[in-house]
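Below is one structure, written out as structure tokens; the observations come after it.
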Amino acid sequence: MEVEPVYISIGTIITAGSLIGALGVIGGVLIAAYKFFKKPEELEEKTEKIRKTHEEDIRKINEEQCLITYGLLACLKGLKEQGCNGPVTEAINKIEKHLNKQAHDMEE
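Residue 121 is where the sequence shown ends in my numbering, and the numbering goes up by one at each step.
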């Protein structure tokens with residue numbers, strides 16, 4: 014039994030190159046489609062993480078503002094006890110009115 018030699022022609026090489034190129038293009042399209050459809054999910058996760066961080070930051074800021082307001086109110090009441098009147102009394106009344114309004118709004 015005699016084995017015949019196998020010849021690879023230029024046409025065969027071109028056909029193999031075309032096939033490899035086509036497979037590469039198809040693979041690239043599939044990867045691009047996968048990334049395209051995965052992107053909204055990733056954006057949604059990032060948005061949710063940012064929203065949670067934002068809510069936590071707002072809560073902390075509100076706590077700080079509450080403490081600052083109570084400190085300011087205490088200072089104004091101290092000034093009133095020292096005999097300062099007029100704008101001090103007006104500011105105390107406005108702050109207390111605001112605090113009462115905020116307390117009732119939070120209950121609702």
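Backbone N, C-alpha and C define an ideal beta-carbon position, used for all residues, glycine too. Fair warning: this is a prediction, and the values are worked out from it, not measured in the lab.
For residue i, the three-state DSSP class (helix, strand or coil)
| i | result |
| --- | --- |
| glutamate 15 | coil |
| glycine 99 | coil |
| isoleucine 21 | coil |
CA-to-CA distance, residue j to residue i, given in whole angstroms
| i | j | result |
| --- | --- | --- |
| glutamate 77 | glycine 37 | 58 Å |
| leucine 56 | valine 19 | 55 Å |
| alanine 82 | lysine 65 | It is worth fixing the name first, because residue 82 is threonine in this sequence and not alanine. Those two C-alpha atoms are separated by around 26 Å. |
| glutamate 74 | glycine 84 | The question names glutamate, but residue 74 in the sequence shown is isoleucine. Cα-Cα distance, rounded: 15 Å. |
| isoleucine 44 | phenylalanine 50 | 10 Å |
| alanine 87 | threonine 60 | 41 Å |
| glycine 99 | leucine 112 | 20 Å |
| isoleucine 39 | lysine 62 | 35 Å |
Cβ-based burial, residue i [other Cβ within 10 Å; buried from 16]
| i | result |
| --- | --- |
| leucine 80 | exposed |
| leucine 89 | buried |
Inter-residue CB distance, residue i and residue j (contact presumed, cutoff 8 Å)
| i | j | result |
| --- | --- | --- |
| glycine 93 | isoleucine 105 | Before going further, note that residue 93 is lysine rather than glycine in the sequence given. Contact flag correct, Cβ pair sits at about 6 Å. |
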